[in-house]
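Colleague:
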Amino acid sequence: MADVRRFELFAKLVTERFEAPRIWDIAGGQGRLNAALTALGREVTTYDNRWKRLPNLRYEQRFLTLDEPCSCDLLVGMHPDDATRIAIEYAALHRIPVAVVPCCSDNSMSYKPWVRYLAELAEEGGLDVAVVDLPMTGRNRVVIGVPKGNS
Ligand SMILES: C[S@@+](CC[C@H](N)C(=O)[O-])C[C@H]1O[C@@H](n2cnc3c(N)ncnc32)[C@H](O)[C@@H]1O
Numbered sequence: 095m096a097d098v099r100r101f102e103l104f105a106k107l108v109t110e111r112f113e114a115p116r117i118w119d120i121a122g123g124q125g126r127l128n129a130a131l132t133a134l135g136r137e138v139t140t141y142d143n144r145w146k147r148l149p150n151l152r153y154e155q156r157f158l159t160l161d162e163p164c165s166c167d168l169l170v171g172m173h174p175d176d177a178t179r180i181a182i183e184y185a186a187l188h189r190i191p192v193a194v195v196p197c198c199s200d201n202s203m204s205y206k207p208w209v210r211y212l213a214e215l216a217e218e219g220g221l222d223v224a225v226v227d228l229p230m231t232g233r234n235r236v237v238i239g240v241p242k243g244n245s
């Protein structure tokens, strides 16, 4: 069972680390991370395909692909599963920062190797990488990538 505090804890970390006014929340499910970041003053758009979600959010009811024109300052994702790799690749392509909290892999790797793999993917994409922990139970590692020269 994922920690119920995960959205508020991640939103706090994100807003402390990044000034980014416009944030895309990738694989945001019902939009709870969106709501937590919006409460902290950011303009947030969630990408996911859920029809059941919190009211009054900016929400694109579709999956993010690398073809999406970029109009954000930061990508974030809480337990984004199949979208984790796309979030990192998208950030590298568009030279914007990214912060993801990985959960399940898309290639059957177990958790720790998957986190290492994602950090390497971000490095290879030209991002400076840090991996930090959220103070919560469960899958709590945050992979942060910032385009080299912007950190
Ligand atoms: C484990 S759920 C996490 C939902 C939410 N972030 C949370 O922590 O409760 C993974 C989500 O990834 C979404 N997803 C998978 N691939 C995606 C993509 N390319 N773009 C956007 N969302 C995607 C799924 O629809 C699902 O809602």
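Position 79 (the sequence shown) corresponds to 173 in the numbering used here; numbering is contiguous. Glycine residues also receive a C-beta, built at the ideal position from the N, C-alpha and C atoms.
1. Following a CB-centred definition, is P196 positioned closer than 7 Å to any heavy atom of ligand 1?
2. DSSP three-state call for P241: helix, strand or coil?
3. Measuring from the CB of P149, is there a heavy atom of ligand 1 at a distance below 7 Å?
4. Any chance the CB of D161 is under 7 Å from a heavy atom of ligand 1?
5. Classify V226 as helix, strand or coil using the three-state DSSP reduction.
6. Here's the rule: buried if 16 or more other CB atoms are within 10 angstroms of the residue's CB, otherwise exposed. What is D175?
7. Decide if the segment 202-216 is in contact with the segment 155-168; the criterion is three or more beta carbon pairs, one per stretch, under 8 Å apart.
8. Can you list, in chain order, the residues of its chain whose CB lies under 6 Å from that of T178, leaving out five sequence neighbours each side?
9. Would you tell me roughly how many angstroms separate the C-alpha atoms of R99 and P207, rounded to the nearest one?
10. Can you tell which of D97, R144, L134 has its C-alpha closest to the C-alpha of A105?
11. Let me know the beta strand (DSSP E) ranges lying completely inside the segment 154-187, each 3 residues or longer, listed in chain order.
12. Roughly how many angstroms lie between the CA atoms of V240 and W145, to the nearest whole one?
Modeller: Straight from the coordinates:
1. Within the sequence shown, residue 196 is the residue found at index 102, counting from 1. Checking every heavy atom of ligand 1 against the Cβ of P196, none is found closer than 7 Å.
2. For this step, residue 241 is matched to residue 147 along the sequence shown. Three-state result, P241: strand.
3. Indexing the sequence shown from 1 puts residue 149 at position 55. Not under cutoff, so the answer is no.
4. Locating residue 161 in the sequence shown gives position 67, counting from the first residue. Checking the Cβ of D161 against ligand 1 gives no.
5. For the purposes of this step, residue 226 is identified with residue 132 of the sequence shown, where counting begins at 1. The answer is strand: DSSP assigns V226 an E or B state.
6. Working through the sequence shown from its first residue, we reach residue 175 at position 81. When all chains shown are included, D175 counts as exposed.
7. no
8. Position 84 of the sequence shown, counted from the start, is the residue given in the question as residue 178. V194, P196, listed in sequence order.
9. If you number the sequence shown from 1, residue 99 lands on position 5. If you number the sequence shown from 1, residue 207 lands on position 113. Cα to Cα, R99 sits roughly 25 Å from P207.
10. Translated into the one-based positions of the sequence shown, residue 105 becomes position 11. Among D97, R144, L134, the Cα nearest to that of A105 is on L134.
11. 168-172
12. Residue numbering aside, residue 240 sits at position 146 when the sequence shown is read from its first letter. Residue numbering aside, residue 145 sits at position 51 when the sequence shown is read from its first letter. Roughly 32 Å separates the two Cα atoms.
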